[in-house]
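Trainee: Got a structure for you, questions after.
Residue numbers (this note's numbering): 265 to 303.
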């Protein structure tokens, strides 16, 4: 029996970050996630 098709209700984006140690990659990712989590 086939499963129901999954329908996305929100657009999705893949983001990659590159940077040196202690240059704010984690802080930036957390801020982006928080902002778009509320979207």
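Virtual Cβ for every residue (Gly too), placed ideally from N, Cα, C.
Answer yes or no: does any C-beta atom of chain B fall closer than 8 Å to that of residue 293?
Mentor: Of the protein chains in this structure there is only one, and it is not chain B.
Trainee: Mapping DSSP to helix, strand and coil, what is residue 282?
Mentor: Locating residue 282 in the chain shown gives position 18, where the first residue counts as 1. Residue 282 carries a coil assignment under DSSP once its states are collapsed to helix, strand and coil.
Trainee: Just verifying my parser: in three-state terms, what is the DSSP assignment at residue 301?
Mentor: In the chain shown, the residue the question calls residue 301 occupies position 37. DSSP places residue 301 in helix when its eight states are reduced to three.
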